[in-house]
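Protein chains in written order, with my numbering: chain P, 310 to 727; chain G, 35 to 462.
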């Protein structure tokens, strides 16, 4: 159970305080309700590029990082398809310094043309380093495009292509700020060692005077139901074939989310999971194989990915996967197996919350989803999933028409395609 | 107008030091057991560390294979049974492998401790390394190795290690497929017998636990602690740094080049090493470092560049790494050279040094943020044969560091002529 206090400022900023006096640190976390799903399809990668620019100086703080360093802290940020998150973790004495700089960049940015130019290059190199210059690095870019035809989840947070980032102008970037960065589109969480009364006063002092803004209304066209199986085959300079399967799943707030997550755990969470035991150890089909969910706010993807061993064909690998999926859709699993994945899933969450930072991020995320207190209901929601629900969810999930398959082939020599 | 915003918030000094240090006790079997307290929601982390790291290598890959294969079967359980029991009780396992120590850490719910610890002790102290499991492991390791060798950062990183340590040294040896498939059951069994026993073991427990857990640990390991093992023989490996100081590895089709620059430094005294850590932070050890400011934040040449320094026996290993666009590596390398020269030539301002010091002190504070973080801090000390006074001395050095001392360190320890450079990137 994570205790917290929650309130709103008149400008719409949602504030959540979680006190933990056992740590010498405090975390200030600001999550904005904007991600790559809010981007224009012709200008992808903006939310993430923007995250970089948030470190380029604000109205009264020329160098954000310098203040963090002087205060003995560390900070970072990340963007995903749904949200953009900024955090500072620093010695508890210096809480106010973090509130100052976070509020200042919520108030008004002051980065230069040069800063934009540099960060465009930095992000293009990030694109190269993480996606284009890595074996299998573009697989998720291809799989998203295959699975989503309409919804902006069809592109990764980094963007569709480096050109979109290279073309970003100062004017566009500023427009993005004023239409998405606002107290009424953000959640502030403070977690760690702080004194509540003084903290209330400091939050009011630094964030209270920022005016609320007109946030662009979100108008995302939802992905229609997929009606036939899709596949794509690409040849790449990699040493081993790889196979990716994406099934459309429910959204994060849907009651079936928990059963979907547990299905992925039965398949591949832990060394006793079916994929590890059957596909790797018993049948010697894959060198690695995994199942996991992308639990996004809009309907996400259930993904299976694996690298078949050199002498194994796609059809035999796919058949073996199908057989295991079928065991779930027919209820061919034990109660102990279901209990096991629940135990692991719940324990993993508790461990994740051992540190103030993860607690802060999760509190902010659940508040963006609708209510931070949902964080404390997660354990029961996983515990209450029953066998019938798993079977029902698996039956609709693993419908072949709902599947997009990417065959990522090793070039030279070409493997026979299925 | 909000004038208070211009003025900003006050920034205070803070104390950094060893918080919540471990209590050292002996387990009933004589194994040193370090306990770090802290509220961890009825979960404890228990680490078993053995003197069985890379430096104890009796043949290529044997120490790392040994720790990786411990869970693949014991005298009491098959690999599958071990996996089932640990997964059901939600035990999360983290194998660790470094220069000196190898071992495993376990997050365990206290209510399951009496059930799972005997299973764990059996595979730590009496593994059987089944041939079939070894074959699967080798096959899959080989596939991973092939993928790794497609990455420019791995190509450059492996090559510089070979150049700095020499191909015969465990930290410099090149790994080829014959090495992976050459590891035998007998080699693993022999290595395990001589390196995994009470005399080579230490235990770190972190969390809100009491005597009851210590009894459970004692009872679990007691059956395996009997006859005195022969004294541990540490093979002697000498670093043989290559006189060739530059290499370009062509990776056809790469869009980026990975740069690695580094050297080995003799450490005659620890105070110099602590100062080297300060100098490294200033150069490339934090987000505001000179390398980051110049090469990322000013020139936009890279997503990230950093330098690091760590102890390796009586030497320190210094390393700079970055990935840059395939056609800009020379420009990036020139800028790195400039920054190395600037350590000697350019003034270190009070402001710059203050930021370095505060950043480092903040890091030291964060090292003890919670029982699990404190456990990680202690384990890294034990890995290098050190204890808490090393951190205290490091903090004193941070306070004491000044321009004159740092420039002296720069002049004697990390000059450009000492550096080996490896770049892996596209065809010229």
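Even for Gly, the Cβ is constructed at its ideal location relative to N, Cα and C.
Query, Result
"What are the residues in the stretch 610-628 of chain P lying within 9 Å of chain G by C-beta distance?", "616, 618 and 619"
"According to the neighbour-count rule (16 or more other Cβ atoms, all chains shown, within 10 Å of its Cβ), is residue 363/P buried or exposed?", "buried"
"At a CB distance below 9 Å, what residues from the stretch 41-56 of chain G approach chain P? Give them in sequence order.", "41, 42, 43, 44, 45, 46, 47, 48, 49, 50 and 53"
"At a Cβ cut of 7 Å, what residues of the stretch 280-294 of chain G count as close to chain C, listed as they run along the chain?", "This model lacks chain C altogether, as its protein chains are P and G."
"Please give the ranges of any beta strand (DSSP E) in the stretch 555-623 of chain P, keeping only runs that are unbroken, at least 3 residues long and fully inside the region.", "595-603 and 610-617"
"Any beta carbon of chain P sitting closer than 7 Å to that of residue 459/G?", "no"
"What residue range is occupied by the uninterrupted beta strand (DSSP E) comprising residue 292/G?", "290-300"
"If you pair each beta-carbon of the stretch 393-413 of chain G with each one of the stretch 48-61 of chain G, do three or more pairs fall below 8 Å?", "yes"
"With 16 as the cutoff for other CB atoms within 10 Å, does residue 316/P come out buried or exposed?", "exposed"
"Per DSSP, which residues does residue 314/P bridge with? Please list them.", "326/P"
"Could you give the first and the last residue of the continuous beta strand (DSSP E) run that contains residue 489/G?", "Not covered by the structure: residue 489/G. The range shown for chain G is 35 to 462."
"List the whole-angstrom C-beta distance separating residue 70/G from residue 151/G, where the pair is believed to meet the contact cut-off of C-beta under 8 Å.", "The pair is not a contact, with the Cβ atoms about 18 Å apart (cut-off 8 Å)."
"Starting from residue 321/G, find everything on chain P with Cβ-Cβ shorter than 7 Å and list it in chain order.", "374"
"Tell me which same chain residues have a C-beta within less than 7 Å of the C-beta of residue 348/P, skipping the five on either side of it?", "355, 356 and 461"
"Got a sec? Which residues, its chain only, sit under 7 Å from residue 447/G by beta carbon, not counting five neighbours each side?", "299 and 310"
"Does the stretch 468-477 of chain P come close enough to the stretch 626-644 of chain P to have 3 or more Cβ pairs within less than 8 Å?", "no"
"Among the residues of its own chain, which have a CB less than 7 Å from the CB of residue 501/P, if the five just before and after it don't count?", "329, 332, 334, 335, 336, 401 and 665"
"Hey, how far is the Cα of residue 543/P from the Cα of residue 203/G?", "41 Å"
"With burial defined as no fewer than 16 other Cβ atoms inside 10 Å of the residue's Cβ, what is the status of residue 277/G: buried or exposed?", "exposed"
"Let's see if you can read the secondary structure: which residues bound the alpha helix (DSSP H) around residue 688/P?", "687-692"
"How would you list, in chain order, the residues of chain P whose beta-carbon sits under 9 Å from the beta-carbon of residue 392/G?", "378, 379, 380, 381 and 382"
"Got a sec: is the Cβ-Cβ distance from residue 36/G to anything in chain P below 7 Å?", "yes"
"Given that residue 589/P touches chain G, what residues does it touch there, using C-beta distances under 8 Å?", "170 and 174"
"Give the residues of chain G in contact with residue 332/P, contact being defined as C-beta atoms less than 7 Å apart.", "403 and 404"
"Is the stretch 417-432 of chain P touching the stretch 328-345 of chain G in the sense that three or more CB pairs, one from each, lie closer than 8 Å?", "yes"
"Taking three-plus beta-carbon pairs below 8 Å as touching, is the stretch 686-703 of chain P in contact with the stretch 636-646 of chain P?", "yes"
"Could you name the residues of chain P that residue 184/G contacts, counting a contact when the two beta carbons are closer than 7 Å?", "444, 547 and 548"
"Just the chain P side, please: which residues come within less than 8 Å of residue 180/G by C-beta, in chain order?", "548 and 549"
"With respect to 6 Å, is the separation between the Cβ of residue 341/P and the closest non-hydrogen atom of the ligand ADP below this value?", "In terms of ligand content, the structure shown is empty, and the ligand ADP therefore cannot be addressed."
"Can you tell me whether DSSP reads residue 537/G as helix, strand or coil?", "This structure cannot speak to residue 537/G, because chain G is shown only from 35 to 462."
"Please state whether the Cβ-Cβ distance between residue 473/G and residue 137/G is less than 7 Å.", "What is shown of chain G runs 35 to 462, which leaves residue 473/G out entirely."
"Please state the DSSP three-state secondary structure of residue 268/G.", "coil"
"Give me the chain P residues within the contact set of residue 422/G, using Cβ-Cβ distance strictly less than 8 Å, ordered along the chain.", "Residues of chain P passing the Cβ test: none, with the nearest at roughly 16 Å."
"DSSP on residue 63/G, reduced to helix/strand/coil?", "coil"
"What's the C-alpha gap between residue 670/P and residue 663/P?", "13 Å"
"Pull up the distance between the alpha-carbon of residue 724/P and that of residue 435/P, whole angstroms please.", "In this predicted model, residue 724/P has a pLDDT of only 42, less than 50, meaning its place in the structure is not dependable; the value taken from the coordinates is given anyway. For residue 724/P and residue 435/P, the distance between alpha carbons rounds to 31 Å."
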